[in-house]
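In what follows, a single structure is set out as structure tokens and then discussed.
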Amino acid sequence: MSSVDVIAERRPDWDDILSADALTFVAGLHRQFNGRREGLLAAREARKLRIDIGELPDFLPETKDVRDGDWTVAKIPGDLQDRRVEITGPVDRKMIINALNCGANVFMADLEDANSPTWANNIEGQLNLRDAVRRTISFSAGAKNYALNEKTATLVVRPRGWHLLEKHLIVDGEPVSASLFDFGLYFFHNAKEAIARGSGPYFYLPKMESHLEARLWNDVFVHAQQALGIPNGSIRATVLIETILAAFEMDEILYELRDHSSGLNCGRWDYIFSFIKKLRARNDFVLPDRGSVTMEKHFLASYVALLIKTCHRRGIHAMGGMAAQIPIKNDDAANDAAMQKVVADKLREVRAGHDGTWVAHPGLVPIARKIFDEHMPAQNQIDRKRDDVDVTAADLLRVPEGAIT
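In my numbering, the protein residues as written are -7 to 397.
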């Protein structure tokens, strides 16, 4: 028997977000795509077991034609041409306003890592995003009032990854995919409004491990656009390359999403974790202490260079990673040291060929912008093709030297 059930709190101000039509839309995504999602998760597990017994990640022979082919992704929308500084943060109401106002080019509103996925946080986040798209979002704390400036960052939303569930929405007896829940509610409520305002439904996609997972996202996009009568290609998505396996399929991931792609991003912290996790059974792939695993190390520099070359060859943005530092109050020496690390990191990125970078704090926006303005006067540097780069599987898998304590 078909059914759609919310097994959690419902508040009157959530009724619009959790309307019957919205839940029916999400349920349609679940019924159409959840079986494939589960199959891809099983394929992840099978691949992990093969790696455990000795198989090493490598470029796929069956997709060589895609890597060798002469193709590009769809034309970049106007409000995604210049992405030199992107700020990331949670979907808290005040944080959304501050991020949109902070002077960054793009704000990635995060339903994934920056959001504790309680039911209330997820639904309040969707409500806040709805108001942000319509520019009606405001917040008051005592005598202080927050509202949007006339000029704001372009809004991009990151749903949770394919491996997670939203246990509070049950469709036909099964919990829905957290990815489809986050994407579906945001898209249903905001896609047409965003397009009408000269932007679009833009996303960041996390934790992918293969081009087949990108194909699933693309099929979700096509289905969703058709269901709401929105032109195909309205959705744009940047994929975080934050798993070691995805690094071997960057061309293929862009190809699968070529009508909806807005590039790739170096999700370096999770990438390092993925390297450790996927190769955990191999004594010859133990990384040294964390302080030694810097972006200058060969395996990480190769990952960055390959991402930039791949994106620019396909006519799309290659985004840099997160500056983990934040301003430190009441300690000038510590703050200066932290800011110098940010400067060095952003210089490395723009000189390598990145088209933009991430920061997690509004105080870092001017620092990152100054560096990219000095070294990237145009909107991006996609025309810098990095033909000097030739990265092999061995390059991506070279373990750096350093102390292991």
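Just so it is clear, CB atoms sit at the ideal spot from N, CA and C, and this is done for glycine as well.
Linking isoleucine 320 to lysine 86 through their CA atoms gives a straight-line distance of about 21 Å. Residue environment analysis places valine 278 among the exposed positions, since fewer than 16 neighbouring C-beta atoms fall within 10 angstroms of its C-beta. DSSP assignment within the stretch 241 to 267 yields the following whole beta strand (DSSP E) runs of 3 residues or more, N-terminal first: 253 to 258. Per DSSP, methionine 314 is one residue of the beta strand (DSSP E) stretching across 310 to 315. By the Cβ-count criterion, threonine 80 is buried, with 16 or more other Cβ atoms from all chains shown falling within 10 Å of its own Cβ. DSSP, reduced to helix, strand and coil, places valine 278 outside both helices and strands of the structure shown, so it counts as coil. Taking 9 Å as the cut-off, the beta carbon of phenylalanine 175 is found closer than this to the beta carbon of phenylalanine 195. Burial of serine 191 is indicated by the presence of at least 16 other C-beta atoms within 10 angstroms of its C-beta. DSSP, reduced to helix, strand and coil, places glycine 70 within a helical segment of the structure shown. Contact annotation: methionine 314 and valine 351 have beta-carbon atoms nearer than 9 Å.
Runs of the alpha helix (DSSP H) spanning 4 or more residues and lying entirely within the stretch 194 to 227 occur at 203 to 220, in chain order. Considering only Val168, Gly312, Met368, the residue with the shortest C-alpha distance to asparagine 26 is Val168. For asparagine 137, the enclosing beta strand (DSSP E) starts and ends at 136 to 139.
Under DSSP, the beta-bridge partners assigned to arginine 150 are Asp102.
Distance check between alanine 316 and each of Met287, Phe291, Asp323 places Met287 closest, using alpha-carbon atoms only.
Check the Cα spacing between leucine 32 and each of His155, Ile363, Leu172, Ile264: the tightest is with His155.
Taking each of Thr16, Asp102, Glu1, Ala0 in turn and checking the Cα distance to serine -6, the smallest one comes out for Thr16. Annotation for phenylalanine 180: the continuous alpha helix (DSSP H) segment containing it runs 170 to 188. Annotated three-state conformation of leucine 10 is coil, per DSSP.
Here lysine 377 is exposed. Its C-beta has fewer than 16 other C-beta atoms within 10 Å. Residue pairing for aspartate -3: DSSP places it in a beta bridge opposite Ile162. By the Cβ-count criterion, asparagine 372 is buried, with 16 or more other Cβ atoms from all chains shown falling within 10 Å of its own Cβ. Non-local beta-carbon contacts of threonine 55 in its own chain, meaning distances under 6 Å to residues more than five positions away in sequence, involve Glu244 in chain order. Assigned with DSSP and collapsed to three states, valine 342 falls in helix.
When only Cα atoms are considered, isoleucine 45 and leucine 72 end up about 43 Å apart.
Around glutamate 185, the same chain offers Val125, Arg126 as residues with beta carbons nearer than 7 Å, after the five sequence neighbours per side are excluded. Taking each of Cys94, Leu299, Val285 in turn and checking the Cα distance to aspartate 347, the smallest one comes out for Leu299.
With a cut-off of 8 Å on Cβ pairs, the stretch 156 to 166 is not in contact with the stretch 206 to 219, counting fewer than three such pairs. Look at proline 358 here: in three-state DSSP terms it is helix. Spanning the alpha carbons of arginine 36 and alanine 336 requires a straight line of approximately 36 Å. Among the bridge pairs identified by DSSP, proline 167 is matched with Ile162. The three-state reading of DSSP puts leucine 389 in coil, since its state is none of H, G, I, E or B. Beta-bridge analysis with DSSP links threonine 80 to Met100. Between the alpha carbons of isoleucine 162 and serine 11 lies a gap of roughly 15 Å. In this structure the stretch 95 to 111 touches the stretch 137 to 145; the number of beta carbon pairs closer than 8 Å is three or more.
The beta carbon of phenylalanine 291 sits closer than 8 Å to those of Phe267, Asp387, Leu388, Leu389, Arg390, Val391, Pro392, all from its chain and outside the five residues before and after it, given in chain order.
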